[in-house]
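Numbering (the numbering used here), first residue to last: 283 to 841.
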């Protein structure tokens, strides 16, 4: 039957590319070429042809969304092959990798080391074989910079004699210098206050919008403790807090020393109430613990303990009490940080979420300090089971902001419904929109199947019913219909490693093959590295990380 193709011009038609034809696409290479190539982009296909592993990458670095129901091979078909391929390439990317089963670390960490990577392991499964990271340390260090501002002043000699020099400016008047020094200190203090507020909001989120008082009061109580520890780090403090003791362990030690037994007043042993009346810590504590009725403060403390219970978990308590590596290491050399955790424990996701936020804030700040506003090398957050992470405030804007700074996200979820549940439909849609590459291995969720089918677009064809209206080889009456390029039914019948990939502005939808790593001869010589062999450089049990509480006032306060 003859069909005039001109009839279809002007209708919706999305190009469909099969992975077997990928060699005609740009950025397609053989795996054995990677060590000599600086490949840009993320993996779109990886399959064997004529005895070689052929890989196709996007033409630029991208944010990626991977959708795969449980046991559909997202780790073996995509995550591990991606990490291996990145390790082999001449252009090394930094990576933070969430690893709920430990499989990714075991299969790829030694290869990464062999390829020159600095490999770190945060191991919430076994804290004896883990790096340590204290989420409060950046606040402490920024606060201590305030004291160092005055040290930046130097003496220079000019035509008028010796003058003070501060941050690129020569000063004639001491009063002008003093004003600028104070302004610089005030700006740093405002940044510290903002960081204190942010960590309180992240850790104690307001979920009860109808009665937010209790959670907001708990936030203020956490802020009170943070400001108290900062004030105790000042010179001349009764019981000094150091960088080693500026941690959640100190908060628990202090609060366990308080006494509320008599019911009439709250005896904090002078921890808050012995402070100067201008103390931020005292002001916040008065409005939460000190001046509230016993029933009120008991309820506030109950919420406080519940929200921060994660830091009483033995593994988390030890891992977050100190620092064994610095965030600076993420950009000093090619670095891969693995986060090994138990995916059945919600508390682990909460701390991982906090670490991810700490890391991307540091990377954004580092990128902003460069002249072009970007990191020198791409950095990827590869986050498996992202749908189980607690809500990360502002992630929808962070993803788009990071991309312009050479920082990218690979979010791996089981269905779109997971994102909707955590972020709500509107924000979840924005997150998906910011992921320029979508890789679909399959889902058990009907709405996800339908949504992805719609994302693939449509194409127009001559309806098969038109043949009924024809005689012989000619059609008398054409019927044109527009149908999904990839129908929902087709998205439910992939074999292992098969997937459909969409990419913004590339002009086609790809039916792809991502071969599982253990079926590739190219990966058969991977050396296994076990978590139990990992050694941390410091001992979190060292007494210098423990804070000894000193009773500042034995009787109930008088302030």
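Note that CB positions come from ideal geometry on N, CA and C, so glycine has one too.
In this text, all values refer to a predicted model and were calculated from it rather than measured experimentally.
Can at least three beta-carbon pairs, one atom from the stretch 449–466 and one from the stretch 559–570, be found at a separation below 8 angstroms? No, the stretch 449–466 does not touch the stretch 559–570.
Distance, Cα to Cα, residue 640 vs residue 786? Within the chain shown, the letter at position 358 stands for residue 640. Within the chain shown, the letter at position 504 stands for residue 786. Taking the straight line from one Cα to the other gives about 29 angstroms.
Return the chain-ordered list of same chain residues with a C-beta closer than 7 angstroms to the C-beta of residue 264, the five sequence neighbours on each side being excluded. The chain is shown only over 283 to 841; residue 264 falls outside these bounds and no answer can be derived.
Residue 334 beta carbon less than 8 angstroms from that of residue 312: On the chain shown, residue 312 is found 30 positions in, with the first residue counted as 1. On the chain shown, residue 334 is found 52 positions in, with the first residue counted as 1. Going by C-beta atoms, residue 312 is nearer than 8 angstroms to residue 334.
Quick check on residue 810: buried or exposed, where buried means 16 or more other Cβ atoms within 10 Å of its Cβ? Within the chain shown, numbered from 1, the residue matching residue 810 stands at position 528. By the 10 Å Cβ count, residue 810 comes out exposed.
Need the endpoints of the beta strand (DSSP E) that residue 577 sits in, please. Here residue 577 is taken as the residue at index 295 of the chain shown, counted from 1. Run containing residue 577: none in the beta strand (DSSP E); it sits in the alpha helix (DSSP H), 576–589.
Check whether the Cβ of residue 594 sits closer than 7 angstroms to any heavy atom of the ligand SAH, and report yes or no. Questions concerning the ligand SAH fall outside what the structure shown contains, since it holds no ligand whatsoever.
Would you kindly report the start and end of the unbroken alpha helix (DSSP H) that includes residue 714? Translated into the one-based positions of the chain shown, residue 714 becomes position 432. DSSP places residue 714 inside the alpha helix (DSSP H), whose first and last residues are 707–715.
Reducing DSSP to helix, strand and coil, say where residue 313 ends up. In the chain shown, counting from the first residue as 1, residue 313 sits at position 31. Helix at residue 313.
Spatial neighbours of residue 351 within its chain, please: C-beta separation below 6 angstroms, excluding the five flanking residues on both sides. Numbered from 1 along the chain shown, position 69 holds the residue referred to as residue 351. Answer for residue 351: 696, 724, 725, 726, listed in chain order.
Over what stretch of residues does the beta strand (DSSP E) that includes residue 258 continue unbroken? What the structure shows of the chain is the stretch from 283 to 841, and residue 258 is not part of that stretch, so it cannot be assessed.
Pull up the DSSP beta-bridge partners for residue 338, would you. What you label residue 338 is simply residue 56 of the chain shown in a count that begins at 1. DSSP, once it has assigned bridges, lists 310, 327 as partnering residue 338.
Cβ-based neighbour list, residue 688, same chain, cut-off 6 angstroms, excluding 5 preceding and 5 following: In the chain shown, the residue the question calls residue 688 occupies position 406. The answer, listed in chain order, is 656, 657, 660.
If contacts are defined as beta-carbon pairs under 8 angstroms, then residue 763 and residue 743 qualify, I think. What distance do you get, rounded to the angstrom? For the purposes of this step, residue 763 is taken as the residue at position 481 of the chain shown. For the purposes of this step, residue 743 is taken as the residue at position 461 of the chain shown. Correct: roughly 6 angstroms between the Cβ atoms.
Report the CB separation of residue 733 from residue 698 in whole angstroms; it is logged as a contact under 8 angstroms. Numbered from its first residue, the chain shown carries residue 733 at position 451. Numbered from its first residue, the chain shown carries residue 698 at position 416. Sure, about 6 angstroms apart at Cβ, within 8 angstroms.
Express the C-alpha separation of residue 472 and residue 435 in angstroms, rounding to a whole number. For the purposes of this step, residue 435 is taken as the residue at position 153 of the chain shown. For the purposes of this step, residue 472 is taken as the residue at position 190 of the chain shown. Their backbone Cα atoms lie some 21 angstroms apart in a straight line.
Short check: CB of residue 693 to CB of residue 653, under 8 angstroms? In the chain shown, counting from the first residue as 1, residue 693 sits at position 411. In the chain shown, counting from the first residue as 1, residue 653 sits at position 371. With respect to residue 653, residue 693 sits apart: the two C-beta atoms are not nearer than 8 angstroms.
DSSP on residue 467, reduced to helix/strand/coil? In the chain shown, residue 467 corresponds to position 185, counting from 1. The answer is helix: DSSP assigns residue 467 an H, G or I state.
Quick check on DSSP: helix, strand or coil for residue 445? Working through the chain shown from its first residue, we reach residue 445 at position 163. The answer is strand: DSSP assigns residue 445 an E or B state.
Stretch pair the stretch 393–406 + the stretch 583–594: three plus CB contacts closer than 8 angstroms: Cβ pair count under 8 angstroms is below three, so no.
Identify, in the order they occur along the chain, each residue of the same chain with its Cβ nearer than 6 angstroms to the Cβ of residue 397, setting aside the five sequence neighbours on each side. The sequence position of residue 397 within the chain shown is 115, counting from 1. 369.
Taking just the CA atoms, how far does residue 407 sit from residue 670? Sequence index remark: in the chain shown, residue 670 carries index 388 (1-based). Sequence index remark: in the chain shown, residue 407 carries index 125 (1-based). Approximately 17 angstroms between the Cα atoms of the pair.
Three-way DSSP call (helix, strand, coil) for residue 419 in this model: For this step, residue 419 is matched to residue 137 along the chain shown. Here residue 419 sits in helix by DSSP.
Nearest to residue 715 (by Cα), restricted to the options 324, 344, 331: By one-based count along the chain shown, residue 715 stands at place 433. Checked all of 324, 344, 331; the closest Cα to residue 715 is 344.
Measure from the alpha carbon of residue 705 to the alpha carbon of each residue in 673, 686, 684, then state which is nearest. What you label residue 705 is simply residue 423 of the chain shown in a count that begins at 1. Among 673, 686, 684, the Cα nearest to that of residue 705 belongs to 673.
Cβ separation of residue 563 and residue 513, assumed to be a contact under 8 angstroms, to the nearest whole Å: Taking the chain shown and counting its residues from 1, the one referred to as residue 563 is at position 281. Taking the chain shown and counting its residues from 1, the one referred to as residue 513 is at position 231. Confirmed, Cβ separation roughly 6 angstroms.
Going by alpha carbons, who is nearest to residue 247 out of 560, 745, 358? Lying outside 283 to 841, the shown extent of the chain, residue 247 is not represented and no answer is given.
Buried or exposed, going by whether 16 or more other CB atoms sit within 10 Å of the CB of residue 782? For this step, residue 782 is matched to residue 500 along the chain shown. Taking every protein chain shown into account, the CB of residue 782 has 16 or more other CB atoms within 10 angstroms, so this residue is buried.
Are there 16 or more other CB atoms within 10 angstroms of the CB of residue 812, so buried, or fewer, so exposed? Here residue 812 refers to the residue found at position 530 when the chain shown is read from its first residue. When all chains shown are included, residue 812 counts as exposed.
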